[in-house]
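Following this note's numbering, the numbering of the sequence shown begins with 169 at its first residue and continues without gaps. All C-beta atoms in this analysis are idealised placements derived from N, C-alpha and C, irrespective of residue type, glycine included.
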Amino acid sequence: MGATRWPSFTIALLLFGLVLAAGAKDKDKETKTLYTGKESWVTHLNAKTLKTEVLKSNRLWVVEFYADWCGGCKKFKPKYKELAEDLADVVSFGAINIDKNDTLVKNYGVRGLPAMRIFGLDKKKTPFELDISTKTKQYKNQRALTRDIVIHFPDNLIFQVNKKNVEKFFADDAFNYKVMLFTTKDETPALYKAISFENNDRAKFGEINVDGNEDVAKMFGISDYPKLVIIANRGTADEKIDIYEGPIKAGLVREWVDKVFPTKEVQQEYKKKVKAQKEAKQDELRAAQQEKMAEKEAEVKEKQAQELDKKMKTVRPLTLEVARKSQIRGRKSYFNQCAGSAKGFCALIVYPSEPTDEQLLEMVDLHRKWNAGGGMQDYPYKFSWIDAEDIPEAPDTFGVELFNTGDKRDVVIIGTQEEQEARYSLVQMDSDGVKYHGDQPMLQFTFFEDDLW
C-alpha cells in the first residue's frame, strides 16, 4: 500500500499554524516577567532611577537583583513581598532586572541570584551584601531576615538619655531641635529608628526609658507612654515643646515631624549662627592663649634680665682705660690678647678707624653682658679691637662689615686654644645682642705671620 500524499495547500496551512503557535508561545514568554512594574510594594530600578530614587534618598533601601528566568527568584518573590509589606513604614524596597542592567550587575558584584543589597546612611559606601541565594534556609524565618535588615539603622543616631546625662543631650548645639521618645520598653521601635535615620541632618534624636527617670518625664509634662516630643531652643526665651498626640502610624508621625521641624532656610540660618559663635569662641580662646603665652614670655624675660643683672655685678669690669689698651696691632699683641690666653674666647671687633670713647664703652658693656649671660664663667670672653686704618687687611680677612655707629657691629669669635692655627667664626650683633650667628668656615689668620706686625 503506498504512502498517503497530502495536498500542498494543506501542508502550507499546517506550517503557518505552527509559526503562529510558536509566536504566541514566545509572546506569552515575554509577558511573564517576574515583576510587572505595577506592584505597589516594590520600585523597579535601573541605572538612572537607582541614582535618583536610592542614592539621593534619606531612607534605608533594600534592592533585589533578579532575572525572569531565575527559579530561585520566583520562589523568593512571595517572601520579598511579605517582607516589603511588613517593613513598608520604615524601609524602601526595589528590584533590578540583571538582563537589562549589566553595568549595575558589575558595579555591585552580583554573582548569584537572587541577590540583595542594602543601601544605608552613607550612600557613597559600598552597599551591604545580604546573600539570600546561599542562605535561603537561614531566612526561612521571616523574622531573621527582618532583623538583618533593620540592624542597618545605626545605633549612634539615637542618644540614650537618662536623668544623669539629660543636660548633656540638650547642651549639644549642633541642632537647636531635639527629638525625644519617652518609652517603657528597652528596644527602640523600628519606626523611630527610621525617622531618626531620615532626619539625622535636621535634629538630634534621643530616647529615654522612663523607668527610673520619671523626673525627666515630669520636666516636660509627660505622664503616659510612649510619647514623642520635639523640643526647640531648650533653655532660651524661644523654647518650644511639641508633643505628638495622634495614633502611632508611620504616615501621620512623619507628617507631624515635617510640620514641626523648621524649613531648610531656618536651619541653615541657625547653623550659620552656631558656626559664627564657635569661631568667635575659638578666636577668644586663641587670644587668651596668646595673651597667656605673652605674659609667660614677659615673666621669663624679666627673670632672665634679673639674673643677668645679678651676674653682671659679679663680672670683673672692663674699664675704659683697659679697653683702650686692648688694641691688637700685630702678632705679639694678638697672642697676648687672644691666642695666648689659657682658656676662653677672644671677642674681636674691627673698627673702621680708632674707636671713640663711646664705642669703647659699648664694647665694655658687651664684655659685661657676654660674660654674665650664657654661663661662660669657665670660658670667659676677652674683648680686643683692631683699627682697620692700621691693618687694612683685617676686614676682608675676617669677612666683617665696618660700622661707624654702635647700633650694629660684627664680632669675630676666636677660640684661644688654637694658638698655632687660630681660626674664627663670625657673630653679627646689634644693640639688643646677638641677632645672627653665622658659622663661617674657620679660616687661618695668615696676616698674623707678617713680620711687619
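**Request:** Work out the CA separation of residue 552 and residue 572 for me, nearest whole Å.
**Result:** Caution is warranted here: a pLDDT of 48 is assigned to residue 572, below 50, making its placement in the model unreliable, and no coordinate value can be reported.
**Message:** My output table needs one value for residue 233: the three-state DSSP class, helix, strand or coil.
**Reply:** strand
**Asked** Which residue from 426, 351, 347 puts its Cα closest to that of residue 400?
**Response** 347
**Same chain, Cβ closer than 6 Å to residue 532, neighbours up to 5 away in sequence not counted** = 486, 491
**Message:** For residue 395 and residue 250, what's the separation of their Cα atoms in angstroms?
**Reply:** 29 Å
**Request:** Report the rounded CA-to-CA distance for residue 469 versus residue 330, giving the unit in angstroms.
**Result:** 52 Å
**Spatial neighbours of residue 203 in its chain, beta-carbon cut-off 7 Å, leaving aside the 5 residues before and after** = 210, 212, 263
**Prompt:** So what does DSSP say about residue 217, is it helix, strand or coil?
**Reply:** helix
**Message:** Checking 8 Å against the spacing of the C-beta atoms, do residue 429 and residue 360 come in under that value?
**Reply:** no
**Message:** Going by DSSP, what residue range makes up the alpha helix (DSSP H) through residue 422?
**Reply:** 418-428
**Message:** With a threshold of 7 Å on Cβ separation, who are the neighbours of residue 239 within its own chain once the five nearest residues in sequence on each side are excluded?
**Reply:** none
**Prompt:** So residue 310 is in the alpha helix (DSSP H); what residue range does that whole segment cover?
**Reply:** 310-318
**Asked** Once you ignore the five residues that flank residue 325 on each side, which residues in its own chain have a CB closer than 7 Å to its CB?
**Response** 364, 365, 368, 373
**Alpha-carbon spacing of residue 527 relative to residue 563, whole angstroms** = 18 Å
**Message:** So, at 7 Å on beta carbons, what are the nonlocal neighbours of residue 252 in its own chain, with the 5 sequence-adjacent residues on each side left out?
**Reply:** 209, 210, 261
**Item:** Cut-off 8 Å between Cβ atoms - residues of its own chain near residue 380, not counting five sequence neighbours on either side
**Value:** 330, 331
**Asked** Hey, is residue 360 close to the ligand COA, as in C-beta under 7 Å from one of its heavy atoms?
**Response** With respect to the ligand COA, the structure shown offers nothing to examine, as it has no ligands at all.
**Request:** Give me the Cα-Cα distance between residue 237 and residue 288, rounded to the nearest whole angstrom.
**Result:** 29 Å
**Item:** Rounded C-alpha distance that separates residue 443 from residue 232
**Value:** 42 Å
**Message:** Going by DSSP in three states, residue 238 sits in which element: helix, strand or coil?
**Reply:** coil
**Asked** From the DSSP output, which residues share a beta bridge with residue 212?
**Response** 263
**Request:** Return the residue from the list 229, 555, 512, 333 that minimises the CA-CA distance to residue 535.
**Result:** 512
**Between the CA atoms of residue 473 and residue 518 - distance to the nearest angstrom** = 28 Å
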